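Residue numbers (my numbering): 331 to 740. What follows is a short report on a single structure.
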Ligand code: GLU
């Protein structure tokens with residue numbers, strides 16, 4: 331099943347349950363606007379390579395549209411479209427005043443020099459600057475992009491529209507970024523994991539965790555859960571997975587990456603494959619890398635009893651059905667990784683006031699928002715005896731539908 335079809339399926343289940351008005355239902359599945367642009371980039375050797383960039387703006391009933399910008403070879407219109415819709419539901423689940431969007435360029439950023447990446451970013455801004463902005467659509471980091479890319483983006487946007495730091499979030503802290511934005515997604519994943527464990531009456535100190543992906547989200551999740559006393563037994567990156575049943579030391583993993591550029595050769599663990607990591611004997615499995623890693627083929631072999639979707643769409647719908655049948659509890663991406671966009675919202679608020687919050691304040695506000703969202707979704711799931719994912723869709727669709735109604739859209 332393609333990406334957008336998967337989101338559509340979850341959406342349809344929830345819309346049926348809600349008895350959603352047919353016009354609203356149809357409108358919610360048609361993206362507000364889709365843009366595809368050519369991005370010709372001059373490479374360091376003087377040749378020009380044509381890339382293709384996308385921005386899909388899904389729904390703006392609740393506010394300006396919000397969502398990351400992805401540099402990844404697998405990016406295509408279908409994927410960006412589904413991720414844009416996910417952002418609409420995600421912002422609604424945590425109740426921040428944004429709609430959803432997503433952007434991407436089909437490129438492997440590891441094969442670009444820093445200068446080439448900068449030119450790629452600036453060319454993309456050339457292509458889309460007219461349809462984005464602080465009150466319209468606000469990009470942010472996603473796979474393959476980071477604070478440095480956001481700073482180039484802001485700088486280039488300013489050439490067309492003047493000083494406007496709120497045009498993008500996830501910027502460097504010293505360049506109108508927010509304290510705590512970089513850690514926010516992983517921190518949120520960690521917070522939710524602990525909340526779930528507590529609801530299930532389990533102790534963090536007796537909980538083993540495997541994290542697939544050791545990028546920004548994976549590392550911050552690992553740090554948070556280690557500090558909470560969970561036992562991290564496996565992590566992975568593109569070079570494979572590293573497994574130590576007695577527990578891994580997060581600091582040692584991080585310093586290995588700083589020294590060697592990847593986890594390759596990490597000495598204090600058994601080297602296994604990324605696929606092996608997914609089926610390890612652990613309590614909590616956290617896919618924090620790419621989409622579609624848990625499929626019909628491997629879902630039956632998963633031994634974890636809790637899966638936290640730190641990445642977007644790591645579970646294919648067929649696998650999701652199997653997990654539900656097998657009683658494996660899934661915390662869906664819509665909630666699990668929403669800490670990132672929540673602090674993006676705080677960054678946008680700070681930018682509009684040209685005022686920077688203290689790190690503590692960001693953390694406090696984040697905790698408050700995530701706490702409320704968790705309570706709402708958990709209770710809804712219990713009250714109606716449905717999965718946490720379906721509860722997220724119900725709550726999100728109701729909120730977006732209400733905004734469409736109040737705004738007079740339908
Ligand atoms: N790319 C992140 C996500 O998928 C963050 C989006 C944002 O901060 O706007 O939620």
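All C-beta atoms, glycine included, are put in the ideal place defined by N, C-alpha and C. It should be emphasised that the depicted structure is a prediction, and the values quoted were computed from it without experimental measurement.
I'd like the span of the beta strand (DSSP E) that includes residue i, first residue to last.
{"i": "residue 399", "result": "399–401"}
{"i": "residue 456", "result": "Not the beta strand (DSSP E): residue 456 falls in the alpha helix (DSSP H), residues 444–458."}
{"i": "residue 379", "result": "378–389"}
{"i": "residue 320", "result": "The chain is shown from 331 up to 740; residue 320 falls before or after that span and cannot be answered."}
{"i": "residue 370", "result": "363–372"}
Which stretch, first to last residue, makes up the alpha helix (DSSP H) that contains residue i?
{"i": "residue 413", "result": "407–423"}
{"i": "residue 342", "result": "333–348"}
{"i": "residue 352", "result": "352–359"}
{"i": "residue 720", "result": "718–736"}
Could you tell me which residues DSSP pairs with residue i in its beta bridges?
{"i": "residue 562", "result": "539"}
{"i": "residue 393", "result": "Paired residues: none, contrary to the question."}
{"i": "residue 468", "result": "396"}
Worksheet item: Taking three-plus beta-carbon pairs below 8 Å as touching, is the stretch 607–618 in contact with the stretch 395–403?
Response: no
Practice prompt. Scan the stretch 642–689 and note each continuous beta strand (DSSP E) run of 3 residues or more that stays entirely inside, going in chain order.
Written response: 659–661
Worksheet item: Are the stretch 515–529 and the stretch 484–498 in contact at 8 Å, needing three or more beta carbon pairs?
Response: no
Worksheet item: Which runs of the alpha helix (DSSP H) spanning at least 4 residues fall entirely within the stretch 472–549, listed in chain order?
Response: 477–491 and 511–529
Worksheet entry | Uninterrupted beta strand (DSSP E) stretches inside the stretch 560–646 (no shorter than 3 residues) | 561–567, 570–573, 600–602, 614–617 and 636–638
Fill in: Three-pair Cβ contact test at 8 Å for the stretch 563–583 versus the stretch 633–640
no
Worksheet entry | Stretch pair the stretch 661–681 + the stretch 693–712: three plus CB contacts closer than 8 Å | yes
Discussion item. I want to know whether the stretch 409–423 touches the stretch 431–447 - three or more CB-CB distances under 8 Å.
Written reply: yes
Discussion item. For the structure I just gave you, are there three or more beta carbon pairs, one from the stretch 574–582 and one from the stretch 636–650, closer than 8 Å?
Written reply: no
Discussion item. Three Cβ pairs or more, each shorter than 8 Å: is that satisfied between the stretch 723–738 and the stretch 412–431?
Written reply: yes
Discussion item. Three Cβ pairs or more, each shorter than 8 Å: is that satisfied between the stretch 614–631 and the stretch 502–513?
Written reply: no
Discussion item. Using 8 Å as the cut-off, can you tell me whether the stretch 684–698 makes contact with the stretch 374–386, which would need three or more C-beta pairs spanning the two stretches below that distance?
Written reply: no
Worksheet item: With a cut-off of 8 Å, do at least 3 Cβ pairs link the stretch 726–735 to the stretch 345–362?
Response: yes
Worksheet item: Should the stretch 508–518 be called in touch with the stretch 544–563, which here means at least 3 C-beta pairs below 8 Å?
Response: yes
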